[in-house]
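Notes for the one structure printed next.
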Amino acid sequence: MEYRGRWRIFNTSSLKRYSLFDRPSKVSLDDLVYLEKTEVPVLEKDLDEMIKKVASRILKAKKENKKVLIISGAHIVKNGLGTFLIWLIKNNLVDHIAVNSAFIIHDFELALAGKTSESIPNALGEGKFGFAKETADLINGALIEGNRKKLGYGETMGMLLSGDLTLPSFENLEFPHRDISVIYNAYKRNIPLTVHVAIGADIVHMHPTFSGEATGGCSARDFLILAETVSQLEEGVCILIGSQVIGVENFLKAVSMAANAGYPPLG
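Residue numbering for the sequence shown follows the numbering used here, starting at 114 and increasing by one per position.
Okay, structure coming up:
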């Protein structure tokens, strides 16, 4: 990254990296949860009623052609529940999924290597946390190309997993597990999946291949896609799953933009 200021910056070319395929991971394909194989748990009455109310609102919204927006953090993927989002996508029960970029990293690693999630306490002190080169170089490389094409972050990643975007440095690239990827399934069914980044908060930002310009450009376009969805959210449904900082703050700004333009998402 070019810098012309007065301070010294960290030299990322000195970093030691390793292969994602050699990295111990805490989550594998065996940890994924599938709706059709899941027993309905017995819940407390208040929780059961709340879930049924949310489900009823979603069905009502879809019947009336209203929008359903899901805002999610990364833990839904880390806990093997990305499959539930895919079920919603395949059943036309969600119109937009907004996520942070940690969500993308975990979903991407599962699609590529069938595993994700590091042991941070074990790796951090040794300087090994977050240095899987395939994860960083593929995501960062895709975003550079996506920014060149003036695309959003989510669409760029969907194109990469679908084979609609190629990277010269990675020939014969395959994603053998992309069928369990939320990114891939949303892209193939034309559902906006937008990615909302905090620079410096993700492992891919530590690598020499990181471009703040490309990452910021692609994520900024995704924010405007989110704002457009929110402007059409009147009498629709918005569900927050984690992401209590980035997701909430992006949503609040999108609501203000929609209201300012005369489309307050009431209901």
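Note that beta-carbon positions come from the ideal geometry of N, C-alpha and C, so glycine has one too.
inquiry  = What ranges does the alpha helix (DSSP H) occupy inside the stretch 268-330, keeping only unbroken runs of at least 4 residues that lie completely in it?
reply    = Runs of the alpha helix (DSSP H) lying entirely within the stretch 268-330, each at least 4 residues long, are 295-301 in chain order.
request  = Look up Ala-245 in the DSSP assignment and give the residues it is bridged to.
outcome  = Tyr-131
request  = Quickly, what does DSSP pair His-209 with across the bridge? List them, please.
outcome  = Leu-182
ask   = What number of angstroms, rounded off, separates the C-alpha of Gly-259 from the C-alpha of Pro-154?
value = 43 Å
query = If you count every other CB in all the chains shown that lies within 10 Å of the CB of Phe-134, and 16 or more means buried, which is it?
reply = It counts as exposed.
key: Contact set for Leu-416: own chain, Cβ-Cβ below 6 Å, skip 5 residues either direction   = Since the first residue of the chain shown is 114 and the last is 380, residue 416 is not available in this structure.
message = Given a cut-off of 8 Å on the beta-carbon distance, is the pair Leu-278 and Tyr-300 in contact?
response = No, Cβ-Cβ distance for Leu-278 and Tyr-300 is not below 8 Å.
request  = Starting from Val-361, follow the alpha helix (DSSP H) in both directions and report where the run begins and ends.
outcome  = 359-373
query = What is the C-beta distance between Ile-257 and Ser-324, in whole angstroms, given that I count them as a contact (C-beta under 8 Å)?
reply = About 5 Å; that satisfies the 8 Å criterion.
key: Among Ser-294, Thr-269 and Tyr-266, the one whose alpha carbon lies nearest that of Lys-228   = Ser-294
key: Rounded straight-line distance, which links the Cα of Leu-225 to that of Glu-287   = 7 Å
task = Taking Gly-355 and Ser-185 to be in contact with their CB atoms under 8 Å, please state how far apart those CB atoms are, rounded to whole angstroms.
result = 6 Å
ask   = Is it the case that the Cβ atoms of Ile-199 and Asn-298 are separated by a distance below 8 Å?
value = yes
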